[in-house]
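The next block holds one structure in the form of structure tokens; read it before the comments.
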Amino acid sequence: MNVIVTGARDDPNGILGLDLWDKPWFHGELNRAGAEYLLQKDGDFLVRTSANSPGQFILDGMEQGKHRHILLINDGVVRTVSNVFPSVSALINYHYSTGLPISTQESTVYLSNPISK
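For the sequence shown, counting from 1, position 95 maps to 95 in full-length UniProt numbering; every step adds exactly one.
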């Protein structure tokens with residue numbers, strides 16, 4: 001399952017980010033090294049803003065003892081091979097509650113343990 005995000009890019013937080021600020025697993029401006037420091041065991045995950053791409057989000061997870069980073073391009077909706085989500089929060093809630101992984105060509109991440117800020 002690939003994560004693809006499509007839509008408009010004029011708002012730095014965008015439609016996808018409107019409901020993220022109150023989520024305990026959303027860390028806002030956290031760099032990659034900081035995210036990796038917080039992820040300790042398989043299933044740990046958090047979401048942060050991208051330092052290199054304003055308005056974009058990164059899903060960071062730990063799987064098979066390795067840090068995984070999935071870019072969620074802030075374009076309006078989040079699409080996987082079989083689902084469309086109206087927001088990053090909806091994507092996270094779905095995969096967290098069902099136990100289904102988020103997969104890309106490079107990695108697979110299970111969302112078992114949200115890392116709170």
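A virtual CB, placed ideally from N, CA and C, is assigned to each residue, including glycine.
Quick caveat, the model's predicted, so the values are computed rather than measured.
{"Item": "So, using beta-carbon positions, are Leu59 and Val47 closer together than 7 Å?", "Value": "yes"}
{"Item": "Starting from Glu63 and walking both ways along the beta strand (DSSP E), at which residues does that stretch end?", "Value": "57–63"}
{"Item": "For Thr108, which beta-bridge partners are listed by DSSP?", "Value": "Ser103"}
{"Item": "Using only CA atoms, which one of Gln40, Asp19, Phe57, Asp44 lies nearest to Leu30?", "Value": "Phe57"}
{"Item": "Roughly how many whole angstroms lie between the Cα atoms of Leu100 and Gly61?", "Value": "14 Å"}
{"Item": "Would Gly65 and Asn113 be called neighbours here (beta carbons separated by less than 7 Å)?", "Value": "no"}
{"Item": "State buried or exposed for Ser87, treating a residue as buried only when at least 16 other CB atoms are found within 10 Å of its CB.", "Value": "buried"}
{"Item": "Using three-state DSSP, classify Asn113 as helix, strand or coil.", "Value": "strand"}
{"Item": "Quick one: is Pro12 buried, meaning 16 or more other Cβ sit within 10 Å of its Cβ, or exposed?", "Value": "Any answer about Pro12 is weak, because its pLDDT of 40 lies below 50 and its placement is not dependable; what the coordinates show is given next. Counting Cβ neighbours within 10 Å, Pro12 comes out exposed, since fewer than 16 surround it."}
{"Item": "Which value, in whole angstroms, describes the spacing of the CA atoms of Ser53 and His27?", "Value": "16 Å"}
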